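Q: Here it is, the structure, as structure tokens.
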Amino acid sequence: MAAGLGTRMKSNLAKVLHKLDGRPLINHVSETALLLEPRKIYVVLGHQAEDVKAAVLHEIDAGLAGFALQKEQLGTGDAVNAAREFLEMQDSTLLVLSGDVPMITAETLTSLITMHGEYRGRGAACTVLTVRLKDPSGYGRVVRDENGSFDRIVEQKDTNDEQKEIDEINSGIYCFDTKKLYAALSQVKNDNAQGEYYLTDVPRILREQGDDVAIYQSANPHEVEGVNDRRQLADMDEAIRRRTVERLMIESGVTIIDPRSAYISARSTVGRDTVIHPNVTVEGGSVIGEGCIIRSGTRIKESNIGNNVEIRDNCLIRDSVIGDECTVGPMAHLRGHAVMVDESKVGNFVELKKTRLGRGSKASHLSYLGDATIGENTNIGAGTITCNYDGKNKHETHIGDNVKIGSDTMLVAPVKVGHGAATGAGSVVTKDVEAGKLVVGAPARAIKTVE
Ligand code: UD1
Ligand code: CA
Numbered sequence: 007m008a009a010g011l012g013t014r015m016k017s018n019l020a021k022v023l024h025k026l027d028g029r030p031l032i033n034h035v036s037e038t039a040l041l042l043e044p045r046k047i048y049v050v051l052g053h054q055a056e057d058v059k060a061a062v063l064h065e066i067d068a069g070l071a072g073f074a075l076q077k078e079q080l081g082t083g084d085a086v087n088a089a090r091e092f093l094e095m096q097d098s099t100l101l102v103l104s105g106d107v108p109m110i111t112a113e114t115l116t117s118l119i120t121m122h123g124e125y126r127g128r129g130a131a132c133t134v135l136t137v138r139l140k141d142p143s144g145y146g147r148v149v150r151d152e153n154g155s156f157d158r159i160v161e162q163k164d165t166n167d168e169q170k171e172i173d174e175i176n177s178g179i180y181c182f183d184t185k186k187l188y189a190a191l192s193q194v195k196n197d198n199a200q201g202e203y204y205l206t207d208v209p210r211i212l213r214e215q216g217d218d219v220a221i222y223q224s225a226n227p228h229e230v231e232g233v234n235d236r237r238q239l240a241d242m243d244e245a246i247r248r249r250t251v252e253r254l255m256i257e258s259g260v261t262i263i264d265p266r267s268a269y270i271s272a273r274s275t276v277g278r279d280t281v282i283h284p285n286v287t288v289e290g291g292s293v294i295g296e297g298c299i300i301r302s303g304t305r306i307k308e309s310n311i312g313n314n315v316e317i318r319d320n321c322l323i324r325d326s327v328i329g330d331e332c333t334v335g336p337m338a339h340l341r342g343h344a345v346m347v348d349e350s351k352v353g354n355f356v357e358l359k360k361t362r363l364g365r366g367s368k369a370s371h372l373s374y375l376g377d378a379t380i381g382e383n384t385n386i387g388a389g390t391i392t393c394n395y396d397g398k399n400k401h402e403t404h405i406g407d408n409v410k411i412g413s414d415t416m417l418v419a420p421v422k423v424g425h426g427a428a429t430g431a432g433s434v435v436t437k438d439v440e441a442g443k444l445v446v447g448a449p450a451r452a453i454k455t456v457e
């Protein structure tokens, strides 16, 4: 169920698109669902349907995903009803998950499914996943009968004083016999405090008609926490971060100077003896090798970093690859699939965009290198710019091995500089430079009227 706007988020963005650990909430749920090897995953869409669909399809094979549109958000019962046409004739078990309960694990769900299938030797019509909470307020309460069996679920807003004291809550996650679910859903009414069609009425209806409703009480309450407001989202984010940082320190042997200010996504990996200084952010599925030093203020996103790399203060590294023994920064920017081959160096205020810097080559100060390939052991002097854009199109610059580009050289692309060539300080290079040649000069002459 992922159709709601999430009023309590006070947001223009649909709740399930808000990010936890850098990924939309819905992706955490769909990823876990995938681990269960289901026949199919149906997502109930509503608010910002196209964006939610795109988020799901970003990580799940289109053949495995189905989408149902809930035009108006009339409650969780109505949400499940939106998928009726796909499901009601199916002989199957339906696991219902909430798009805003992202921490649920495949292990817990497997236990739920097992209990559902084995209940009283023949399987239940419905099994409700519950937990006991110190503070159950806000959640639907699970009322048990005198035998301790399931009686009903009462939503917070419909509880009486006695029911408010119940500490066992409905996780919003259930297994159903699909056909029985849809038959019972037809009987759900909206005569409650919120005027909604509650999915939580279905287990009561099933029980009243004599079907078995089981309860699987999980011992991991944190897994079923829902995200309803931004404080809960921030708390959950912090909990994930803490666990990631602990895992990196204990299991991977990473030194994290200030664990509270390390923002490392759970999907990233960091190698042994790497040192992470305060205020470093590592996003997406980044990989950082062994023995690296990552200094303060650096953000690394979807990038691959080799071993024994030093990334000095305040660098931004996006979608890029850095080999072994490289040095980067301070204040460097790599983006657009920049590649630094082993032992290369990028220094202060250098930007690399879609550029490959060869083994042992250096660009130490104040440069923009875009759409370029640079060979081995080449030195790019301070202030060098690849003029890759003519106002309409981007052009490439190719520089060979053992080249010395003088300070403040402008390389007007498309242009090639051969192996072992050199340029003088302040050169404006508009024509290809032959291997082994030195070029100098800056012919800024009037040539025509600007078009
Ligand atoms: C729900 C349960 C409550 C449980 C809690 C656990 C109901 C009536 N209540 O309450 O018993 O303790 O989850 O977290 O089910 N959604 C739709 N369409 C709708 C309404 C909701 O797709 O018309 C989706 C939402 O986007 C969300 C999920 O269903 O992902 C849960 O809805 P929400 O409104 O957050 O339910 P709760 O009030 O938290
Ligand atoms: Ca909720």
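Residue numbers (my numbering): 7 to 457. Built from N, CA and C at the ideal position, the CB exists for glycine as well. Since we're looking at a predicted model, the values are computed, not measured.
Is serine 155 near ligand 2, with its Cβ less than 7 Å from a heavy atom?
A: It does not: the Cβ of serine 155 is nowhere closer than 7 Å to a heavy atom of ligand 2.
Q: Say the cut is 7 Å; is the CB of aspartate 84 nearer than that to a heavy atom of ligand 2?
A: Not so, every heavy atom of ligand 2 lies at least 7 Å from the Cβ.
Q: Could you check whether the Cβ of asparagine 176 sits closer than 7 Å to any heavy atom belonging to ligand 2?
A: False, no ligand heavy atom lies under 7 Å from that Cβ.
Q: Taking C-alpha atoms, which residue in Met242, Gly335, Ser17 and Met346 lies nearest to glycine 312?
A: The shortest Cα separation from glycine 312 among Met242, Gly335, Ser17 and Met346 belongs to Met346.
Q: Using 10 angstroms around the beta-carbon of asparagine 87, count the other beta-carbons present and answer buried if the total reaches 16, otherwise exposed.
A: By the neighbour-count rule (16 or more Cβ atoms within 10 Å), asparagine 87 is buried.
Q: Considering only C-alpha positions, which residue in the set Leu40, His24, Ile179 and Ala344 is nearest to histidine 53?
A: For the residues Leu40, His24, Ile179 and Ala344, the minimum Cα distance to histidine 53 belongs to His24.
Q: Looking at the structure shown, is arginine 236 part of a helix, part of a strand, or coil, going by DSSP?
A: In this structure, arginine 236 counts as helix in the three-state DSSP scheme.
Q: Smallest Cα separation from glycine 406: which of Gly397, Tyr204, Val421 and Ala20?
A: Closest option to glycine 406, Cα to Cα, is Val421.
Q: For methionine 255, verify whether its CB is less than 7 Å away from any heavy atom of ligand 1.
A: Flag unset: Cβ of methionine 255 not near ligand 1.
Q: Using CA atoms only, rank isn't needed, just tell me which of Lys59, Gly329 and Leu322 is closest to arginine 341.
A: Per the Cα distances, Leu322.
Q: Considering only the alpha carbon of each residue, which of Met95, Thr390, Ser36 and Gly81 lies closest to isoleucine 66?
A: Comparing Cα positions, the closest option is Ser36.
Q: If distances are taken between C-alpha atoms only, which option among Leu51, Thr38 and Lys46 comes closest to glycine 12?
A: Taking only the C-alpha atoms, the option nearest glycine 12 is Leu51.
Q: Ligand 1 heavy atoms versus the CB of lysine 21: any closer than 7 Å?
A: Under cutoff, so the answer is yes.
Q: Please report the distance separating the alpha-carbon of glycine 81 from that of glycine 144.
A: C-alpha separation (whole angstroms): 16 Å.
Q: Helix, strand or coil: which one does DSSP assign to glycine 353?
A: Here glycine 353 sits in strand by DSSP.
Q: So does serine 104 have its beta carbon nearer than 7 Å to some heavy atom of ligand 2?
A: True, at least one ligand heavy atom lies under 7 Å from that Cβ.
Q: In its own chain, which residues sit with a C-beta less than 6 Å from the C-beta of alanine 190, not counting the 5 before and 5 after it?
A: So the list reads Val208, Ile211 and Leu212, once near-sequence residues are dropped.
Q: What does glycine 542 pair with, by DSSP beta-bridge criteria?
A: Nothing can be reported for residue 542: it is not among the residues displayed for the chain, which extend from 7 to 457.
Q: Which residues does DSSP list as the beta-bridge partners of proline 30?
A: Partner(s): Lys25.
Q: Buried or exposed: phenylalanine 92, going by 16 or more other Cβ atoms within 10 Å of its Cβ?
A: With fewer than 16 other Cβ atoms within 10 Å, it is exposed.
Q: Only counting the same chain, and skipping five residues up and downstream in sequence, which positions put a Cβ closer than 8 Å to that of proline 284?
A: Same-chain partners within the cutoff: Ile263, Asp264, Ser267, Ala268 and Ser302.
Q: Flag valine 315 as yes if its beta-carbon sits less than 8 Å from any beta-carbon of chain D, otherwise no.
A: Within the model displayed, chain D is absent; a lone protein chain is all it includes.
Q: Are the CB atoms of leucine 26 and isoleucine 246 within a distance shorter than 8 Å?
A: Yes; because the gap between Cβ atoms is below 8 Å, this pair is in contact.
Q: Going by C-alpha to C-alpha distance, which of Gly366, Arg365 and Gly387 sits closest to tyrosine 374?
A: Ranking the options by Cα distance to tyrosine 374, first place goes to Gly387.
Q: Out of curiosity, what's the CA-to-CA distance linking histidine 401 and glycine 376?
A: Rounded to the nearest angstrom, the two C-alpha atoms are 9 Å apart.
Q: Quick check on the DSSP output: the beta strand (DSSP E) that includes asparagine 176 runs from which residue to which?
A: Note, asparagine 176: beta strand (DSSP E), 174-183.
Q: In terms of DSSP beta bridges, what is histidine 404 paired with?
A: In the DSSP output, where bridge partners are listed per residue, histidine 404 has Thr379 and Lys422.
Q: Does the structure place the segment 69-79 close enough to the segment 150-164 that three or more beta carbon pairs sit under 8 Å?
A: With the cut-off at 8 Å, the segment 150-164 and the segment 69-79 do not touch.
Q: List the DSSP bridge partners of lysine 186.
A: In the DSSP output, where bridge partners are listed per residue, lysine 186 has none listed.
Q: Run through DSSP, which three-state label would glycine 373 get?
A: The amino acid occupying residue 373 in the given sequence is serine; glycine does not appear at that position. DSSP places serine 373 in strand when its eight states are reduced to three.
Q: Let me check you understand the geometry: is the CB of methionine 7 closer than 7 Å to at least one non-hydrogen atom of ligand 1?
A: Indeed, a heavy atom of ligand 1 lies less than 7 Å from the Cβ.
Q: From the DSSP output, read off the bridge partner residues of threonine 287.
A: Its beta-bridge partners are Tyr269 and Arg305.
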